[in-house]
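A short worksheet on the structure shown next.
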Amino acid sequence: MALTATADPHTRDDIIERLGLDAAEIFTTSFDRPNIAYEIVERDQPRQQLLRFLSGHKGNSGIVYCLSRAKVEDTAEWLNGQGVRALAYHAGMDRAVRDANQDAFLKEENLCLVATVAFGMGIDKPNVRYVAHLDLPGSVEAYYQETGRAGRDGLPSEVWMAYGMADVIQRGRMIDEGSAAAEIKRVERAKLNALLAICETASCRRQAILAHFGEAHAGQCGNCDTCLKPVETWEGTEAAIKALAAIYRTGERFGAGHVVEVLVGNVNEKTERFGHSQMPVFGAGKDIPARVWQSVFRQMLAMGLVRVDHEAYGALKLEPEARAVFKHERPVFFRKDRPASERRTKKAERTERKSGLSGADGTLFEALRAERMAIAKSLGVPPYVVFPDTTLIAFATDKPRSRKELLAISGVGQAKLERYGDAFLEIILAQDRG
């Protein structure tokens, strides 16, 4: 028997071939996590973007992933300074401190754990309400596994990521500078490009993620940013030709930042020194803002029209597919990046979505959570060991008024009824009394 948690069709085929399992039965379950809401944004003041996201999750626990240990510690310190209770976690920390932070995360409900990917494997906390990424993971598989640590209890949860061109360059450099064989590096680059394509898609994120794992989805999931607020696209063939021409005319020796400077016609030391300010392509794209050009280059990378050469310090190179664009044989459409104001999810919507409750039911749910936390602290156990969120939601909506009614709710056994039942009944009855 061969088991894998997260594998795309190519990886599954590779496992079958290497283990000689050609005649074996294959069983797969759905990769869809319908309770998870996906949001991916273009990086622009990432700490402030993260803070806005976390503001909709007060009272809940979640994970913020960063690529480096230094960034983990800096981000945790900054969040604490902003009034968000945050702890750091990475493999380079003192073992006792790391274990203490992990234990706090398991037992507390209003805690943000800022971590590297060293955190998560084997962690069983069902009511993680959010996962955020401040850096791009290395593959769709990694993204799926890390975001999958949210909402394991089946309740509404949110995952959020901010990314930019620098992420792609950094990840690509890590692949190229690694010690893996050439074929492995080729596969890793393809996986990175697959994730970039999901980041840049104008269609349903869930559909794109599931398609990567060979699973069909009709789209319009209603629970991702591109479905909730559909992305506009624009016909960008001429813009793509200008961008590709700028790469070619400058000798395919420069990164996106400098090529954008050439396109918008910025006269500076570098454009003067290399003679680029005298080229016909200089200023050819001045009618388009530099920020939009940055998005154009990211999307062309996702489309396979260009690649980043890390041996040439991140220079952009043309791919063979660019030829069809030059010849007007391949039309190009780009997605419009949303203004920051449109990317902010309303706090009230998030607060209601975290439990699915509002009004008196939501108030009762929060009171029940507070009682659960008090009991958990007195026993030194994680809150979900007392009762999971799903059971508290049933308490808040069904409002059992006796031990018998309480026992009929899923998650309440005789032992828990005897140990905790009266405390929760008192809170429910107190609300009835007003």
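The opening position of the sequence shown corresponds to residue 0 in numbering that gives the first Met the number 0, with each subsequent residue numbered one higher. Where a beta carbon is used, it is the ideal one built from N, C-alpha and C, also for glycine.
- For histidine 211, the closest alpha carbon among the candidates Arg418, Arg11, Ile427, Ala429 is that of Arg11.
- Looking at the DSSP output, valine 384 shares a beta bridge with no other residue.
- The continuous alpha helix (DSSP H) containing phenylalanine 296 extends over residues 289 to 302.
- Distance check between methionine 160 and each of Ala131, Ile15, Arg97, Ala114 places Ala131 closest, using alpha-carbon atoms only.
- Note on geometry: alpha-carbon atoms of glutamate 318 and arginine 297 lie some 14 Å from one another.
- Around the beta carbon of glycine 221, fewer than 16 other beta carbons lie within 10 angstroms, which makes this residue exposed.
- Assigned with DSSP and collapsed to three states, methionine 0 falls in coil, not helix or strand.
- For methionine 372, the uninterrupted alpha helix (DSSP H) segment begins and ends at 358 to 378.
- In this structure, the CA atom of valine 291 is about 20 Å from the CA atom of leucine 135.
- Buried is the label assigned to histidine 89, since at least 16 other Cβ atoms lie within 10 Å of its Cβ.
- The C-alpha of asparagine 59 lies about 19 Å from the C-alpha of glycine 358.
- Of Met164, Asp431, Phe273, the smallest CA-CA separation from leucine 191 is found for Met164.
- For the pair alanine 75 and leucine 86, the CB atoms are nearer than the 8 Å cut-off.
- Boundaries for methionine 278: no alpha helix (DSSP H) harbours it, and the DSSP string shows neither H nor E there.
- The beta carbon of threonine 232 lies closer than 8 Å to those of Ala201, Phe332, Phe333, Arg334, Lys335 in the same chain, with the five residues before and after it left out.
- Within the same chain, His257, Glu260, Val261, Ser276, Phe281 come within 8 Å of threonine 270 by CB-CB distance, once the 5 residues on both sides are set aside.
- In the DSSP assignment, tyrosine 312 falls outside any beta strand (DSSP E), carrying neither H nor E.
- Sequence-distant partners of isoleucine 240 (beyond 5 residues in either direction) whose C-beta falls short of 7 Å from its own C-beta, in its chain, are Val324, Phe325.
- Judged by DSSP in its simplified three-state form, histidine 132 adopts strand.
- For alanine 114, the enclosing beta strand (DSSP E) begins and ends at 111 to 114.
- Taking aspartate 21 as the centre and dropping the five residues before and after it, the same chain places the C-beta of Ile15 closer than 7 Å to its C-beta, in chain order.
- Around the Cβ of proline 382, a 10 Å sphere holds 16 or more other Cβ atoms; the residue is buried.
- Residue pairing by DSSP places threonine 10 opposite no residue, since no beta bridge is assigned to it.
- Fewer than three pairs of CB atoms, one per stretch, sit closer than 8 Å, so the region 19 to 33 makes no contact with the region 48 to 62.
- With contacts defined by Cβ atoms closer than 8 Å, valine 40 and glutamine 48 form a contacting pair.
- Comparing alpha carbon positions, the residue from Asp93, Gly91, Glu108, Leu112 closest to glutamine 101 is Leu112.
- In the DSSP assignment, tyrosine 64 is bridged to Ala114, His132.
- According to the DSSP secondary-structure assignment, leucine 195 is paired through a beta bridge with no residue.
- Comparing alpha carbon positions, the residue from Gln44, Thr27, Phe52 closest to alanine 36 is Phe52.
- Per DSSP, the unbroken alpha helix (DSSP H) holding phenylalanine 52 starts and ends at 45 to 53.
- Here alanine 215 is exposed. Its C-beta has fewer than 16 other C-beta atoms within 10 Å.
- Taking a C-beta distance under 8 Å as the contact criterion, isoleucine 427 and phenylalanine 386 do not qualify as a contact pair.
- Taking 8 Å as the upper bound for CB-CB distance, tyrosine 143 and threonine 5 are in contact here, some 6 Å apart.
- Straight across, the Cα-Cα distance linking alanine 321 with leucine 304 is about 5 Å.
- For glutamate 176, the secondary structure class from DSSP, reduced to helix, strand or coil, is coil.
- In the DSSP secondary-structure assignment, serine 156 is bridged to Ile35.
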